[in-house]
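Asker:
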Amino acid sequence: MTVNSGLDNVIKKINRHFEHSSIITNPVELNLYSCDGLRLHTSQPGCVVIPESTDDIQIIIKTCNEFSVPFTARGAGTGLSGGATSDAGVIIQLSRMNQIHETDYANRCATVQPGVVNSYLSMITRPEGYHFAPDPSSQIACTIGGNVAENAGGPHTLKYGVTTDHILGMTAVMPSGDIIQFGGKERYAPGVDLTCLMTGSEGTLGVVTEIIVNLEKIPETTRTFLLIFDQVAKATDTVSAILEKGIVPAALEMIDSLCIQAVEAKLKAGFPKNAQAVLLVELDGSKSLVQKDAELLKNIVGSLVSEPIQEAATAEERMLLWKGRKHAAGSMGQLSPAFYTNDGVVPRHRLTDILNEIYRIGNYYQLRVANLCHAGDGNIHPLILYDPKQNDEVNRSVECSSDILKTCLDYGGSLTGEHGIGAEKNHLLSDMFSEYQLDIMRGIKEIFDPNNLANPGKIFPGSSGCGELRQLSRKPEPV
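For our numbering, count along the sequence shown from 1 and bump the result up by 148.
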């Protein structure tokens, strides 16, 4: 049975269970789901179904299984690796599953549906003194289900960890249609940690329909500092200097000169236009600890900064600085009609080296590259500026990004820190992992999804979503 004939049967069958407004088949409307935040990767889904419950999703997945039609879960579509797209299959759009089922402050957790917007959960829990720590730059739009799928990070990852560090349990509909619960409020579940396995699997192992998340207490004190540099290398070297002295900031972010120009043109966040780079350093915790770290920070950076260290004096000043950082990518329209970003990672001590290489690679491809970094984690976000009307610039931007990611691997780093592999980087995965390691991953995928219907064509190199998954084919090479 072809996907198209199977899709027709899927649409007919689910029409019996869902209201007309919950099924989208109009090609014009489907075009809205043809990409996520990575607009360089597009594919048209066969249909979109908008469920409201776990049972609804079970019906969709069982129907897709019956007719061998692939399915892909989608949240807000803010992802940046082409992961929330489907080529002629079914998109399960989770936006209506947006309820907070429980806030359990005694156990410091909340139970939410996948369509809950990241920042909304913190807004609801803040009056009780709690928040959800993972804070991707898209947190005012991205959903917690998407955060789980991509194992999203954010500026405060340095101290608080990525999404997987804040997921206690979940309910998921497996590719077979079975409903399974992983983990729970007890926090110390025995056996293999399948909750962590599901987190970051990019929708390839099942569809998460309910999530138990950890809630963090809001720190007693938060202080935010702006460090200004006349050389990028001084900024990146300062990152290591801060951490070597034992300070663990809540956030340690860097933006370079090109980003500063865009931010100040659009937002006027207070970044000096003559700076080559700035670091945004946030300290939080008890008043005594923050005061101690603040004094130590000033001593460490004194000879490295080009201007006196600045501190946000009010909550409004702090929010403006963070607005400049979190909306920096969105400000790139001041400089270019389009940009392409990736999220490679290097060991922190190679941050200066990778920034130097990024500028060199950008010059080689004759493209301007602005840089944002979760500097404390060695997580880079080069913003490659290009004109989409110029095909050669589109191609050069993709090649430029690939070369940057390969350089991250050369420095002992990773292809992704938070965006995921998706459809964007799967051609590079074999540069990072051996064939044996990839076969283990494929084997896990096959156990969960023997028919290869759950978001096929993502993560694995050369996967089209149509072929057979391979069994383990070779033993590890001797060390």
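Glycine included, each C-beta is placed from N, C-alpha and C at the ideal position. Bear in mind the structure is a predicted one, so any value in this text is a computation, not a measurement.
Counting pairs of beta carbons, one from the stretch 546-562 and one from the stretch 216-231, are three or more of them closer than 8 Å?
Answerer: Counting Cβ pairs under 8 Å, fewer than three are found: no touch.
Asker: Using C-beta distances below 6 Å, list every residue in its chain close to serine 170, excluding the 5 sequence neighbours before and after it, in chain order.
Answerer: Within the sequence shown, numbered from 1, the residue matching residue 170 stands at position 22. Closer than 6 Å at Cβ, skipping near neighbours: Ile198.
Asker: Put aspartate 385 into one of helix, strand or coil per three-state DSSP.
Answerer: As a working note, residue 385 is residue 237 in the sequence shown. The answer is helix: DSSP assigns aspartate 385 an H, G or I state.
Asker: Nearest CA to the CA of alanine 399: which residue from Cys290, Pro284, Glu464?
Answerer: Numbered from its first residue, the sequence shown carries residue 399 at position 251. Checking every option, the nearest Cα to that of alanine 399 belongs to Pro284.
Asker: Within this structure, are the beta carbons of isoleucine 272 and isoleucine 315 separated by less than 8 Å?
Answerer: Residue mapping note: residue 272 aligns to position 124 of the sequence shown, counting from 1. Residue mapping note: residue 315 aligns to position 167 of the sequence shown, counting from 1. Result no, Cβ atoms of isoleucine 272 and isoleucine 315 do not sit closer than 8 Å.
Asker: Buried or exposed, going by whether 16 or more other CB atoms sit within 10 Å of the CB of asparagine 152?
Answerer: Here residue 152 refers to the residue found at position 4 of the sequence shown. Flag for asparagine 152 reads exposed.
Asker: For the alpha helix (DSSP H) that contains threonine 202, what are its first and last residues?
Answerer: The count along the sequence shown starts at 1 and reaches residue 202 at position 54. First-last of the alpha helix (DSSP H) with threonine 202: 202-214.
Asker: Just to confirm the assignment, what range does the alpha helix (DSSP H) spanning glutamate 443 have?
Answerer: Translated into the one-based positions of the sequence shown, residue 443 becomes position 295. Residues 435-449.
Asker: Using only the alpha-carbon positions, how far apart do isoleucine 607 and isoleucine 569 sit?
Answerer: Looking up residue 607 in the sequence shown gives position 459. Looking up residue 569 in the sequence shown gives position 421. Using only the alpha carbons, I get a separation of about 5 Å.
Asker: Taking 8 Å as the threshold, find out whether the stretch 396-414 comes into contact with the stretch 450-457 through three or more Cβ pairs.
Answerer: Touching, no, given that fewer than three Cβ pairs across the two stretches are closer than 8 Å.
Asker: Specify, as a first and last residue, the run of the alpha helix (DSSP H) that cysteine 556 falls within.
Answerer: Taking the first residue of the sequence shown as position 1, residue 556 is located at position 408. Taken as a continuous stretch (DSSP letters only), the alpha helix (DSSP H) holding cysteine 556 covers 539-558.
Asker: When you compare each of Ala254, Pro275, Val361 to tyrosine 282 by their alpha carbons, which one comes out closest?
Answerer: To locate residue 282, count along the sequence shown from 1; it is residue 134. Residue identity check: residue 282 is proline in the sequence provided, not tyrosine. When each option's Cα is compared against that of proline 282, the closest is Val361.
Asker: Does the distance from the C-beta atom of isoleucine 240 to that of isoleucine 292 stay below 8 Å?
Answerer: Start at 1 with the first residue of the sequence shown, and residue 240 comes out as number 92. Start at 1 with the first residue of the sequence shown, and residue 292 comes out as number 144. No, the Cβ-Cβ distance between isoleucine 240 and isoleucine 292 is not below 8 Å.
Asker: On the CB-based measure, 16 or more other CB atoms within 10 Å of its CB, does threonine 384 come out buried or exposed?
Answerer: Indexing the sequence shown from 1 puts residue 384 at position 236. By the 10 Å Cβ count, threonine 384 comes out buried.
Asker: Where does alanine 398 sit, in a helix, a strand or coil, going by DSSP?
Answerer: Your numbering for residue 398 matches position 250 in the sequence shown. Three-state result, alanine 398: coil.
Asker: Run the CB neighbour count on arginine 498, radius 10 Å, all protein chains shown included, and call it buried at 16 or more, exposed below.
Answerer: In the sequence shown, counting from the first residue as 1, residue 498 sits at position 350. It counts as buried.
Asker: By Cβ distance, which residues of its chain are closer than 7 Å to leucine 503, with the 5 residues on each side in sequence left out?
Answerer: Position 355 of the sequence shown, counted from the first residue, corresponds to residue 503. Once the five neighbours on either side are set aside, the close Cβ partners of leucine 503 are Val380, Thr384, Asn519.
Asker: In the structure shown, what three-state DSSP assignment does methionine 322 receive?
Answerer: If you number the sequence shown from 1, residue 322 lands on position 174. DSSP places methionine 322 in coil when its eight states are reduced to three.
Asker: Measuring CB atoms only, is the stretch 223-232 touching the stretch 328-345, in the sense that at least three cross pairs come out at less than 8 Å?
Answerer: Segments in contact, no.
Asker: Find the nearest neighbour of glutamine 261 within the set Thr357, Ile205, Tyr584, Lys573, judged by alpha-carbon distance.
Answerer: Looking up residue 261 in the sequence shown gives position 113. With distances taken between Cα atoms, glutamine 261 lies closest to Thr357.
Asker: Run the CB neighbour count on arginine 508, radius 10 Å, all protein chains shown included, and call it buried at 16 or more, exposed below.
Answerer: On the sequence shown, position 360 is the one that residue 508 refers to. With fewer than 16 Cβ atoms within 10 Å of its Cβ, arginine 508 is classed as exposed.
Asker: Tell me whether glycine 354 sits in a helix, a strand or coil according to DSSP, three-state version.
Answerer: As a position in the sequence shown, residue 354 is number 206, starting the count at 1. Coil.
Asker: Which of the three DSSP states, helix, strand or coil, is assigned to asparagine 157?
Answerer: As a position in the sequence shown, residue 157 is number 9, starting the count at 1. It is helical.
Asker: If you follow the beta strand (DSSP E) that glutamate 250 is part of, which residue opens it and which one closes it?
Answerer: Counting from one through the sequence shown, the residue named residue 250 turns up at place 102. Its beta strand (DSSP E) spans residues 248-252.
Asker: In or out: lysine 573 buried (at least 16 other Cβ within 10 Å) or exposed?
Answerer: Walking along the sequence shown from the start, residue 573 turns up at place 425. Lysine 573 should be labelled buried.
Asker: Compute the Euclidean distance between the alpha carbons of glutamate 625 and lysine 161, then round it to the nearest angstrom.
Answerer: Taking the first residue of the sequence shown as position 1, residue 625 is located at position 477. Taking the first residue of the sequence shown as position 1, residue 161 is located at position 13. The predicted model places glutamate 625 with a pLDDT of 37, which falls under 50 and marks its position as unreliable; any figure quoted below should be read in that light. Cα-Cα distance, rounded: 49 Å.
Asker: Any idea which residues DSSP pairs serine 562 with across the strands?
Answerer: Locating residue 562 in the sequence shown gives position 414, counting from the first residue. Serine 562 is bridged to Val493.
Asker: By the three-class DSSP mapping on this structure, what secondary structure does threonine 311 have?
Answerer: As a working mapping, residue 311 is identified with position 163 in the sequence shown. DSSP places threonine 311 in helix when its eight states are reduced to three.
Asker: Compare the Cα-Cα distances from methionine 346 to each of Met589, Gly605, Gly610 and report the closest residue.
Answerer: Your numbering for residue 346 matches position 198 in the sequence shown. That would be Met589, whose Cα lies nearest to the Cα of methionine 346.
Asker: Helix, strand or coil: how does DSSP classify cysteine 195 here?
Answerer: For the purposes of this step, residue 195 is taken as residue 47 along the sequence shown, with counting starting at 1. Strand, per DSSP.
Asker: Grouping DSSP H, G and I as helix and E and B as strand, with all else coil, what is leucine 431?
Answerer: If you number the sequence shown from 1, residue 431 lands on position 283. The answer is strand: DSSP assigns leucine 431 an E or B state.
Asker: So, helix, strand or coil for cysteine 290, using DSSP?
Answerer: Mapped onto the sequence shown, residue 290 falls at position 142. Coil at cysteine 290, not helix or strand.
Asker: Helix, strand or coil, according to DSSP, for arginine 222 in the structure here?
Answerer: Locating residue 222 in the sequence shown gives position 74, counting from the first residue. Reduced to three states, the DSSP call for arginine 222 is strand.
Asker: Under the criterion of a Cβ to heavy atom distance below 7 Å, does leucine 188 qualify as lining the ligand PLP?
Answerer: For the ligand PLP, the structure offers nothing, since it holds no ligand at all.
Asker: For leucine 607, name the three-state secondary structure that DSSP assigns.
Answerer: For the purposes of this step, residue 607 is taken as residue 459 along the sequence shown, with counting starting at 1. The amino acid at residue 607 is misidentified as leucine; the sequence shows isoleucine. It is coil, neither helix nor strand.
Asker: Determine the extent of the beta strand (DSSP E) in which glutamine 482 is found, giving its start and end residues.
Answerer: The residue you call residue 482 lines up with position 334 of the sequence shown. No beta strand (DSSP E) holds glutamine 482; DSSP gives it neither H nor E.
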